[in-house]
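Residue numbers (our numbering): 202 to 671. Each remark here refers to the structure printed beneath this line.
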Amino acid sequence: MKTPEARRLASLLATAVLLSSGSAALADFVPVPLPDPKIPGYHFPENEATILKWVADSSVTDPTASAAADNQIYLHGWGIWASLTAETDQTENGQKLRVFETWLTPQDITAASQAGKNESLLKLPRGSRPVLEEFRQLKHHKGKDPHLEAAGTATVLGFVKYDPTAADHIMKQGLLQKSVLDQLLSYGADEIPVFPVTGLALKPVFQVIKKSDLVDGRYYQLPVWPGPPSTPQQWGSTTWPASVWIDVKDGGSGKGEIDKAPKKDGSSRTDATTYPVSSLINFKLNPDQAGALKAKGAAEGDYAILVAMHVSGREITRWTWQTFWWTPTPANPLAPSSDAIAKARPVQIKAPAANYAMSIAYTTELPSPPYVGGDNKGNSIYAYNPWLEAGFGPSDLPDSIPGTYNGQPVQNNYGVQSNCMSCHGAANYNPNNVSTAPDYSGDRYISLGDPRFSGTLKVDFLWSLPGNAK
């Protein structure tokens, strides 16, 4: 017989599961800590001084030393990718969940808090994968209609995820509660309590393959990144000229070929430009997910394919930034990735995770500026995700300032001239609408002591906190 305390805890757990998963708890997921992928030379969390030395050495004049430093940075980014995409023993719909799929969303954390503010809830099961939501990349932009996205950018779906240590920090500090953020601001704090060095925050991005979009009941046209334009411009996914075809029946022999002049009726498709759905990380929509996307024509059993993912880690004060996207040419990816980045990918990463390109930024420019009191005179580093930032133009990046790239002056005011660290370096909670608060920008230096933060609360580089706070 259950004791009153056991019955109370069981009731509390049931409430948390219901709150975080909707009406149907299809599976019990427990957040899995980031595993060790057993990659020689890779450690997590890495010492901040070690990472900063890699960054410093990557700009030295000795090409051998700089290449070795770059390779350490690339290996580190790939090591994180290997760990978070590793399969676990937890399953849904007969498919093993990957580590990142077991992690917590802001909605999970808020639901656990509302269910009893019991920190141990973060260690208890919850049901089902989260529903896919439309990402509004520009919703923090002052003066921007939050329902508008950058020109040429297709609707992208996904969710924010936090690893267990980041989620625990958010829960304990109440960082998804506006009342807590308001109190910190009113007490004169200029930033939230910083995250532990193990903290990771993710933004997985999916395309849903609806049955109505299929040609011959099996082939889905997926745009492929053509690389950055020769002249900076808005370059969102709806403007990309070429495609590949994804076969939901897992056929196709594609090994790098693309359909350069795709026809919507599929008449341009060949077996060489067709790729099996298993070549991408994917899952099938469950009833809750399909219901949330009913207005878009989605149905239970439709595939959601992972096309991109932002990954940030608190190992260094300005966080590490690595971003990934699916490519038909993983051995020879286009900028902002490179052959050198692809060559550094360890053999421990297997398909489909091996079919993704990576761009990476552990600083905003080289030589790397200091945390405080630096300038914007170094060589710009561009690190962005084609599916998320490539469609941004000057009006989307109002805090951009000119810089230098490969010895030439540049405006750095397009998404293809951006850097994850710059945009997130501006992250702040601004309930009083301070007009001078930092905003989105292209690649640029931002001092941790920038006076523009006055009157706002810095949120440790995570726009997802003010964006999801209730």
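Virtual Cβ for every residue (Gly too), placed ideally from N, Cα, C.
Same chain only: Cβ atoms within 6 Å of residue i, ignoring 5 sequence neighbours per side
i, result
"P394", "Q374"
"M622", "R519, W522, A562 and T565"
"G656", "V635"
"E590", "G616 and S619"
"A493", "V332"
Beta-bridge pairing of residue i - partner residues as DSSP gives them
i, result
"W588", "DSSP lists no partner for W588."
"D460", "S444"
"E566", "S581"
"K450", "DSSP output for K450 lists no bridge partner at all."
"K362", "L403"
"Y615", "DSSP lists no partner for Y615."
"N620", "A584"
"Y630", "L658"
"T292", "K297"
"P610", "T605"
Simplified DSSP state of residue i, which is helix, strand or coil
i, result
"N580", "strand"
"N669", "helix"
"H653", "Here the sequence assigns Arg to residue 653, which means His is not the residue at that position. It is helical."
"A558", "strand"
"Q384", "helix"
"Q308", "helix"
"K465", "coil"
"L598", "coil"
"Y275", "helix"
"F662", "coil"
"F593", "coil"
"D472", "helix"
"P687", "This structure does not reach residue 687, given that the chain is present from 202 up to 671, and the question cannot be answered."
"T303", "helix"
"G604", "strand"
Closest residue to residue i among the options (Cα-Cα distance)
i, options, result
"W522", "C624, W446, S596 and K551", "C624"
"S387", "V425, N633 and E293", "N633"
"W178", "V617, P652, P246 and K239", "For residue 178 there is no data in the structure shown, the boundaries of the chain being 202 and 671."
"D364", "S513, Q490 and E249", "S513"
"P488", "E501, K551, P477 and I517", "E501"
"K198", "Y275, Q296 and E288", "Nothing can be reported for residue 198, as the shown portion of the chain is limited to 202 through 671."
"G604", "T530, L401, N613 and H244", "N613"
"W557", "K239, T286 and S260", "The question names Trp, but residue 557 is Tyr in the sequence shown. Nearest of K239, T286 and S260 to Y557, Cα basis: T286."
"L333", "V256, F484 and L376", "F484"
7 Å Cβ shell around residue i - same chain, five flanking residues per side excluded
i, result
"D472", "G453 and S454"
"P331", "T306, Q308 and F360"
"L385", "I393 and L658"
Nonlocal neighbours in the same chain, by C-beta distance under 8 Å from residue i, ignoring five residues either side
i, result
"P427", "W441, P442, A443 and L535"
"N533", "G457, D540 and A543"
"P234", "D364, P365 and T366"
"V425", "W441, A443, S444, V445, I459, T528 and P529"
Test: residue i CB closer than 8 Å to a CB of chain E
i, result
"V256", "Note that chain E does not occur in the displayed structure, where there is just one protein chain."
Original post:
Which ranges would you report for the alpha helix (DSSP H) in the segment 484-549 if only whole runs of at least 4 residues count?
Top reply: Complete alpha helix (DSSP H) runs here, min 4: 488-493 and 540-544.
Subject >> Continuous beta strand (DSSP E) assignments of at least 3 residues falling wholly in the segment 375-444 >> reply: Here the runs fully enclosed are 401-410 and 420-424.
**OP:** Enumerate, from N- to C-terminal direction, the unbroken alpha helix (DSSP H) stretches of 4 or more residues contained entirely within the segment 237-262.
**Re:** DSSP runs (the alpha helix (DSSP H)) wholly in the segment 237-262: 249-258.
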